[in-house]
Amino acid sequence: MPIYTPPTEDMQYLLHDVLKIGGSGIPGYAELDREFTGAILGEAGKLAAEVLAPLNASGDAEGCQLENGVVRTPAGFKAAYDQICAGGWIGLDMPEEVGGQNMPYLINSAVGEMFVSANMALNMYQGLSHGAMSAILAHGSDEQKATYVPKMVAGTWSGTMNLTEPQCGTDLGLIRTRAEPQEDGTYAITGTKIWISAGEHDLTENIVHLVLARIPGGPEGIKGISLFIVPKFLPDENGAPGRRNGVACGGLEQKMGIHANATCVMNYDGATGFLIGEEHKGMRAMFTMMNEARLGVGLQGYAQGAVAYQNALAFAQERLQGRALGDPANPAGPADPILVHPDVRRNLMDQKSFVEGARALTFWGAQMIDRAHRMQDPEAEAMISLLTPVIKGFLTDKGFETTVLAQQTYGGTGFTRAAGAEQFVRDARIAMIYEGTNGVQSLDLVGRKLGLNGGKAVMAFFELVKAFIAEHEDDAALKQDFLDPLKSASKDLQAAATYFMAEGMKTPENALAGSYDFMHLFGHVCLGLMWSRMAVASRAALAAAEGNAAFHEAKLVTGRYYMARQLPATALHLARIRSGAEPVMALDAANF
């Protein structure tokens with residue numbers, strides 16, 4: 001049976017030693033002292049380890065069942081979901097006026113990581129609700145907010161997002177679902193949506209679907225799309241679930257992973273829908289959900305890597321095979337633990353250095369979201385907008401790679417279901433695909449975000465890195481191990497951006513052919529920056545003899561590993577980018 005240990009010590013370190021949240025000046029952060037955040041993370045970690053994680057393997061094996069139009073979730077899921085609701089975790093960062101606790105998004109992200117690591121499929125039910133609530137709060141009417149959001153915060157109702165149709169995924173301008181205006185101001189929604197996570201289940205008394213549809217006579221393409229609330233049961237005059245709406249689950253997808261989350265075909269047959277915001281402005285409202293979801297999916301990527309690493313490490317510490325090259329590590333036994341072998345160490349260090357760097361990047365991104373929203377900071381908004389495709393794309397690619405490395409640590413045992421490693425691989429794989437495939441993320445990064453406002457955001461990122469290096473370059477040890485590698489990697493990123501600026505207008509294919517490499521190059525620089533910031537924090541703690549010395553020494557060793565063994569990948573990505581589109585496009589389509 002796989003294990004899960006909440007990484008609360010590392011989270012506390014990031015919050016207080018690296019990000020220094022208490023002195024950030026962001027509204028709501030001043031009360032987040034170590035004792036308070038420790039209590040929140042401790043309770044969330046206990047729920048994750050003791051309630052959610054034990055259901056992960058059994059939920060995967062049992063899966064969801066469609067019976068007479070109702071989806072039955074695996075045994076134990078309803079009781080676990082009810083415990084999540086009872087703890088107020090669904091509304092952790094929601095406004096108090098709708099029943100939430102108004103905690104920062106950063107704290108919600110930390111809690112979310114533990115829930116995802118423990119049981120990704122179960123956490124998705126509430127994760128979809130969070131996105132739907134955010135969209136209604138941002139774009140819905142006062143009546144819609146009052147009718148739906150408090151019940152979703154309480155967890156008695158849940159939410160979904162309905163975008164994809166059989167004939168279109170990324171190109172939402174091709175959707176065919178219709179929204180016919182009715183005399184009472186509602187709309188009759190007709191069409192079919194596919195791949196709808198948590199579209200039907202038995203965890204809540206009502207499900208609030210947010211559906212993209214086209215009002216007849218509107219503009220073509222995405223400019224003619226509107227967003228609608230389509231509840232499974234229409235609220236009655238008291239706000240309770242009333243008559244059944246014209247929406248039904250037409251089938252469950254048979255998937256590679258996340259078996260315990262119901263991925264549904266949803267059929268709308270004249271269902272009553274309520275317009276959110278303005279007609280033909282649905283994409284703006286939906287992107288409130290999608291941007292939040294993309295950050296959440298990036299978190300899913302490294303969170304699956306984190307739990308996979310924990311289990312691989314435990315196996316490597318216990319599995320006996322071969323002897324160390326020097327003195328035996330286990331002289332009284334028949335062999336040494338495989339952790340003594342350099343290639344196993346390399347494998348585990350790849351995992352550890354990614355997971356801890358990715359956690360730091362995600363927390364930093366969440367802090368920027370809080371700064372943007374709570375302080376109305378346009379610079380923070382621009383920076384997190386730039387980094388969103390990097391966080392989603394790079395962290396899910398590398399998160400999946402980490403689960404594969406973890407599985408490899410087991411050898412043949414990892415290929416069997418009993419070890420549990422293969423489930424982490426299967427579950428992590430979807431994160432590279434949904435909420436916009438990672439190829440689409442890279443195109444968004446290079447095609448839209450890089451040149452936005454004359455490249456102001458990416459230039460601000462370069463200046464941020466430059467200022468950090470200048471602030472600490474008098475520290476010789478830090479300079480050699482961290483700052484010099486970071487400076488070199490940042491120069492590679494700047495060179496790639498300059499190449500795109502020069503080539504993007506005259507030969508767009510050169511930029512697009514290198515976009516995926518640019519996303520990864522950018523991701524490595526971000527993790528290099530995070531490891532450098534952690535090195536500063538840990539060196540300061542050691543100098544002051546504060547905290548767990550072994551913890552901080554391990555941080556420095558792990559950071560040096562990333563800077564020496566992973567960060568040089570930026571040169572490879574730059575070389576690929578500079579090769580342009582010719583090697584990519586040269587082969588005639590008939591010869592593939």
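Quick note: the sequence shown, position 207, residue 207 per UniProt numbering, numbers continuous. We put the CB at the ideal spot given by N, CA and C, even for glycine. Given the structure is predicted, the values throughout are model-derived calculations rather than measurements.
For the 8 Å CB-CB criterion, His209 and Thr164 do not form a contact. Going by DSSP, Pro241 is part of the beta strand (DSSP E) stretching over Pro241 to Arg244. Here Ala188 carries a strand assignment [DSSP, helix/strand/coil]. Counting only residues of its own chain and dropping the five nearest sequence neighbours on each side, Tyr434 has a CB closer than 8 Å to the CB of Trp195, Ser197 and Val297. In this structure the stretch 69-88 does not lie against the stretch 271-286, because fewer than three pairs of beta carbons, one per stretch, are closer than 8 Å. Rounded to whole angstroms, the gap between the alpha carbons of Ala135 and Ser129 is 10 Å. Taking a C-beta distance under 8 Å as the contact criterion, Phe415 and Ala308 do not qualify as a contact pair. Counting along the chain, Trp157 sits inside no alpha helix (DSSP H); it lies in the beta strand (DSSP E) bounded by residues Trp157 to Asn162.
Less than 8 Å divides the Cβ of Leu66 from the Cβ of Leu252. Out of Ala314, His341, Leu227 and Ala316, the CA that lies nearest to the CA of Asp327 is found in His341. It is roughly 6 Å from the alpha-carbon of Arg243 to the alpha-carbon of Phe233.
Closest option to Ser24, judged by alpha-carbon separation, among Ser158, Asp370, Phe287 and Gln408: Asp370. In terms of Cβ geometry, Asp10 and Arg359 form a close pair [threshold 8 Å].
Within the same chain, and ignoring the five residues on either side of Ala537 in sequence, the residues whose Cβ sits closer than 6 Å to its Cβ are Asp17 and Val18. With respect to the 8 Å criterion, Ser226 and Leu172 are not classified as neighbours on the basis of their beta carbons.
The bridge partners DSSP lists for Gln310 come to none.
Residue burial annotation: Glu503 is buried, with at least 16 other C-beta atoms found within 10 angstroms of its C-beta. Across the set Gly218, Phe315, Leu348 and Ala419, the C-alpha of Ala419 shows the shortest separation from the C-alpha of Met1. If you look at Ala470, you'll find it in the alpha helix (DSSP H) that goes Lys456 to His472.
Shown here, Asp427 sits in a helix according to DSSP, grouped into three states. The beta carbon of Val153 lies closer than 8 Å to those of Ile90, Gly91, Met94, Val98, Gly99, Gly100 and Met133 in the same chain, with the five residues before and after it left out. Below 8 Å, enough C-beta pairs join the stretch 394-406 and the stretch 346-359 to call them touching: three or more. Annotation: the stretch 47-101 contains the following complete segments of the beta strand (DSSP E) (minimum length 3 residues), in chain order: 65-67 and 70-72. Closest by C-alpha distance to Gly185, out of Asp444, Thr156, Gly273 and Asn108, is Gly273. In the structure shown, Pro337 adopts extended strand secondary structure according to DSSP, grouped into three states.
Approximately 6 Å separates the beta-carbon atoms of Pro6 and Ala48; this is inside 8 Å, confirming the contact. In terms of Cβ geometry, Ala110 and Ala53 do not form a close pair [threshold 8 Å].
By the C-beta criterion, the stretch 39-47 is judged not to be in contact with the stretch 61-75, since fewer than 3 inter-stretch pairs fall below 8 Å. Annotated three-state conformation of His209 is strand, per DSSP.
In the DSSP assignment, Phe518 falls within the unbroken alpha helix (DSSP H) covering Ser515 to Ala543. Rounded to the nearest whole angstrom, the C-alpha separation of Glu292 and Ala366 is 10 Å.
Ranked by Cα distance from Met256, the options Ala121, Ala543, Phe468 and Asp236 are led by Ala121. Between Glu180 and Pro216, the gap from beta carbon to beta carbon is short of 8 Å. Assigned with DSSP and collapsed to three states, Asp444 falls in helix. Contact between Gln317 and Pro337 holds, with the beta-carbon distance rounding to 6 Å and staying under 8 Å.
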